[in-house]
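Colleague:
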Amino acid sequence: MIELHGLHKAFGKQVVLDRVDFEVREGETVALMGPSGTGKSVLLKHIIGLIKPDSGTVIVDGKDVSKLKRNQLSELRSHIGYVFQNGALFDSMNVFENVRLGITDEAKYSDLDYCRQRISECIRLVNLPPDTIEKYPAELSGGMRKRVGIARAIAGAPKYLLYDEPTSGLDPVNADIIDSLVQRLDHELGVTSVMVTHDVRGAFRVADRLALLSDGMIVMQGTPKEFLASTNPKVKEFLERDFDNPTLAA
Amino acid sequence: MKVLAALGRWVLEGLSHVGRLSYFVVDAARGLVEVRIWWPRMMIEAWNIGAGSLFIVMLISAFAGAVTALQTGYQFTGSIPYYVVGTLVVSSIILELGPVLTALILAGRIGARYAAELGTMRVTEQIDALESLGRSPASHLVIPRVLAGLIMIPALTVLANLSGVLSGWISVKAVLPVTDADFIYGAQYYWRPWDAYYSIIKAFFFAGSITVIACYMGFNTQQGAEGVGRSTTTAVVTSSVLILVLDTVLTRLLLNQ
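The listed protein sequences derive, respectively, from chains X and C.
Just so we're aligned: 129 in the working numbering is position 129 of the first sequence, and the numbers increase by one with no gaps anywhere.
In short: position in the second sequence from 1, add 250, done, that's the working numbering.
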C-alpha cells in the first residue's frame, strides 16, 4: 500500500505540492491526472525516494520512505518498477543490458542463463520482437523505447509499478498499444500501479481509480464513474478538454 | 553595498559547493565496496583515457621540451656551460611542464567528456533510473571514472616527461654544439630521485581534481542542454584553476627542502 500524508514540496519559492493526501491500495491501478507542470512526476518521484518532501510523509509497505537508510531504500526500490517518461534507457548499453539492470536480485542478476530467459520473457510481454535485445536505444523508435523502459521496470518482478507519462509524445495508435499493455501487465502480473498521465482517455481505460492534481493539490479522487458524475468545475473542465462526451470514451 | 552583497552571495555559493562536493566524495567512497560493479567499468575508462589521450599528451610535451631546450640555448649561449641546458630541460619538464601541461590538456579532454556524459545522463533521467533500480550511481558511474583517472593520468605524465626530455635532447643537439655526454652530465648533475616522485604526486592530485570536479558538475547538472553546456564549461575552468592552485601549494609543500 502507498500512502501520502500532507505532502509538501517547493522548489525555491514555487510550491509544487501543497499538503497532498493520496492513497493507493494493494492490487489497484490508480491514474494520477492533471495538466502539465502541476507536480505529477514530482509526486511519483517522492514515492520511490528520488525526491525528499519538505514536510509530510510517504509510506510504502508501512515504511516512511524519507526516513529509510541507503540500504533500506535500495531494498524498497527493488520492489518498485519505475517507468520514466522518455524511457531513461542507458545510451551506452544495448536493450539486453538495459533490461538486465532491472533484475534487482543480485544472485539472479549474476546468473546469465536466468537473465537471458527473463529478459526474453519481458521483451515478449511488452510485444517487442526478440531481436530488439541486441539493439541500442538510439536504434529504437519512441514507442519501442517506452516499451523497453516498461520491460526494464518489470524485469525484477516488482510489487509496484509507477508509470510517468507512459503515452506522452506518442501517436494515438502507439498510445493505445501502451495503454493496453499497462492494462494487461496489471492483470497478468497482479501489481499495484500508479500511472501519471494527462491523457484522460487512457486513464479512464486503464485505471480502477482516478485522482486529479491541480495547482499542487488533489482536487478529487474516485472511480471513473464518480469522476463522470462530478460537478466540481475543475474536474469538469479537465475532462471536457479531452472529450466532449466522456461516457462514450470511457 | 551591492558589491558587498554580491561578494557575500558568491562566497556563500562557493562554500555551499565545497560542502556538497565533500558530501559527494564521501557518498561516492561508500560505493568502493562494490568492486564487482566498478572494476570492469574502470578498466574500460582507463583504456579510453590512456589510448585516447596518449598521442596528444606526448605531442604537446614534445613541443614543450623542444621549445624549452631552444630557448635555454638562445638565452644562455656563451654565458654558462652547455651542460646546463640538460639540467634545465630535465628539471623544467619533470618538475613543472610535464605534469601541468598534461593535466591541463586532460582537464579539457577528459574533464569535459565526463561532465558532459554525466550531465546528459542527469537531464535524461538515466541517473534517476539507476537509483530507481536500487543501484548505486557512485559505483556504476563515479568510482570507475575517478579511479581510472587516478591511475592513467600519472602514467600519462610519466610518458609526457619522457617525450619532453627526449624531444628537448634531440632539439638542443640539432641547434647547439652540445654533445650527448654534455646533456647527460647536466641532466644528472642536479638530479634527485625525489623529483620523479614529486612529478607523479602532482599528477595524482591533478587527476583527482579533474575527475572529481567533472563528475560532481555532471551529477549536479540542471536545465537540459544549456545546463550540460554550463556544467562542462564550469568543470573545465574550475579544474584548470585548481590545477594551478594545487601546483603552487604542492611546490611549496613538497620542494621546501
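Heads up, the beta-carbon is just placed ideally off N, CA and C, and yes, glycines get one too.
Treat the numbers as computed from the prediction; the structure is a model and nothing was measured.
Which residues in chain C have a C-beta closer than 7 Å to the C-beta of I48(X)? List them in chain order.
Modeller: Near I48(X) (Cβ distances below 7 Å), the residues of chain C are S382.
Colleague: DSSP on G81(X), reduced to helix/strand/coil?
Modeller: Strand at G81(X).
Colleague: How would you list, in chain order, the residues of chain X whose beta-carbon sits under 7 Å from the beta-carbon of T374(C)?
Modeller: The answer, in chain order, is N86, A88.
Colleague: Regarding R19(X) and the ligand FAD, is the C-beta to nearest heavy atom distance less than 7 Å?
Modeller: Absent from the structure shown: the ligand FAD. Ligands present: none.
Colleague: Name the chain X residues whose beta carbon is nearer than 7 Å to that of R385(C)?
Modeller: By Cβ distance, chain X contributes L101.
Colleague: Is the stretch 343–356 of chain C touching the stretch 487–497 of chain C, taking contact as three or more C-beta pairs under 8 Å?
Modeller: Because the criterion of three Cβ pairs below 8 Å is met, the stretch 343–356 of chain C and the stretch 487–497 of chain C touch.
Colleague: Excluding the five sequence neighbours on either side, which residues of its own chain have a C-beta within less than 7 Å of the C-beta of I310(C), listed in chain order?
Modeller: Taken in chain order, the residues that qualify are L351, I355.
Colleague: Can you give the Cα-Cα distance for V285(C) and H390(C), rounded to whole angstroms?
Modeller: Taking the straight line from one Cα to the other gives about 10 Å.
Colleague: Checking the sheet assignment: what are the DSSP bridge partners for Y163(X)?
Modeller: Answer by DSSP bridge pairing, in chain order: V83(X), M195(X).
Colleague: Going by C-alpha to C-alpha distance, which of V42(X), F204(X), F96(X) sits closest to Y114(X)?
Modeller: Of V42(X), F204(X), F96(X), the residue nearest in Cα terms is F96(X).
Colleague: To which residues of the same chain is Q221(X) closer than 6 Å at the C-beta, ignoring the five residues directly before and after it?
Modeller: Cβ neighbours of Q221(X) beyond the five flanking positions: A211.
Colleague: For Q85(X) and W444(C), I'd like the C-alpha separation in whole angstroms.
Modeller: C-alpha separation (whole angstroms): 56 Å.
Colleague: Verify the CB distance criterion: does Y82(X) have a CB-CB separation below 8 Å to chain C?
Modeller: So, interface residue.
Colleague: Compare the C-alpha of G202(X) against each of K69(X), D176(X), T38(X), R184(X) and name the closest.
Modeller: Cα-wise, what sits closest to G202(X) is D176(X).
Colleague: Using a C-beta cutoff of 8 Å, does A398(C) count as contacting chain X?
Modeller: With 8 Å as the cut-off, A398(C) does not count as an interface residue toward chain X.
Colleague: Measure the C-alpha to C-alpha separation of E367(C) and W289(C) and round it to an integer number of angstroms.
Modeller: The straight-line gap from Cα to Cα measures roughly 19 Å.
Colleague: On the criterion of 16 or more Cβ atoms from any shown chain inside 10 Å, does G259(X) qualify as buried, or is it exposed?
Modeller: Nothing in the structure corresponds to residue 259(X), since chain X is present only between 1 and 250.
Colleague: Who are the neighbours of A301(C) on chain X, taking C-beta pairs under 9 Å?
Modeller: Under the 9 Å cutoff, chain X gives no residues; its nearest Cβ is about 17 Å from A301(C).
Colleague: What residues are listed by DSSP as bridge partners for M371(C)?
Modeller: Its beta-bridge partners do not exist; DSSP assigns none.
Colleague: So, helix, strand or coil for M308(C), using DSSP?
Modeller: Looking at M308(C) - three-state DSSP - the assignment turns out to be helix.
Colleague: To the nearest angstrom, report how far apart I287(C) and T38(X) are at their CA atoms.
Modeller: In a straight line, the C-alpha of I287(C) is about 38 Å away from that of T38(X).
Colleague: Step through the CB atoms of chain X and report whether any lies within less than 8 Å of the CB of A379(C).
Modeller: So, interface residue.
Colleague: Is there a Cβ of chain C sitting closer than 8 Å to that of T197(X), yes or no?
Modeller: No, no contact with chain C.
Colleague: Using CA coordinates, which residue listed in R480(C), Q325(C), P404(C), L380(C) is at the minimum distance from V304(C)?
Modeller: The sequence given here has Leu at residue 304(C), not Val. Among R480(C), Q325(C), P404(C), L380(C), the Cα nearest to that of L304(C) is on P404(C).
Colleague: For a test of the three-state rule: what should DSSP assign to L76(X), helix, strand or coil?
Modeller: Helix, per DSSP.
Colleague: Near I370(C), what residues of its chain come up, given a Cβ to Cβ distance below 7 Å and the 5 sequence neighbours on each side ignored?
Modeller: The sequence shown places Thr at residue 370(C), rather than the Ile named in the question. Closer than 7 Å at the Cβ level, and outside the excluded window around T370(C), lie V478.
Colleague: DSSP three-state call for A251(X): helix, strand or coil?
Modeller: Outside the modelled stretch of chain X, which goes from 1 to 250, sits residue 251(X), for which no answer is possible.
Colleague: Quick check on the burial criterion: 16 or more other C-beta atoms within 10 angstroms. Buried or exposed for F238(X)?
Modeller: F238(X) should be labelled buried.
Colleague: Are there three or more Cβ pairs, one per stretch, closer than 8 Å when the stretch 64–83 of chain X is compared with the stretch 25–43 of chain X?
Modeller: No, because fewer than three Cβ pairs between the stretch 64–83 of chain X and the stretch 25–43 of chain X fall closer than 8 Å, the two stretches do not touch.
Colleague: What's the gap between the Cα of S489(C) and the Cα of N470(C)?
Modeller: About 16 Å.
Colleague: Alpha carbon to alpha carbon, how far is S110(X) from T104(X)?
Modeller: When rounded, the distance between both Cα atoms is 10 Å.
Colleague: With which residues is T57(X) paired in a DSSP beta bridge?
Modeller: Paired residue(s): H5(X).
Colleague: Report yes or no: is there a C-beta of chain C within less than 8 Å of the C-beta of L192(X)?
Modeller: It should be noted that the sequence gives Thr, not Leu, for residue 192(X). T192(X) does not count as touching chain C.
Colleague: Using only the alpha-carbon positions, how far apart do L185(X) and V219(X) sit?
Modeller: Approximately 28 Å between the Cα atoms of the pair.
Colleague: Closer than 9 Å by beta-carbon distance: list the chain C residues that pair up with T104(X), in chain order.
Modeller: Those within 9 Å of T104(X) in chain C are L383, G384, R385.
Colleague: R145(X) CB to nearest chain C CB: under 8 Å?
Modeller: No, its Cβ sits nowhere closer than 8 Å to a Cβ of chain C.
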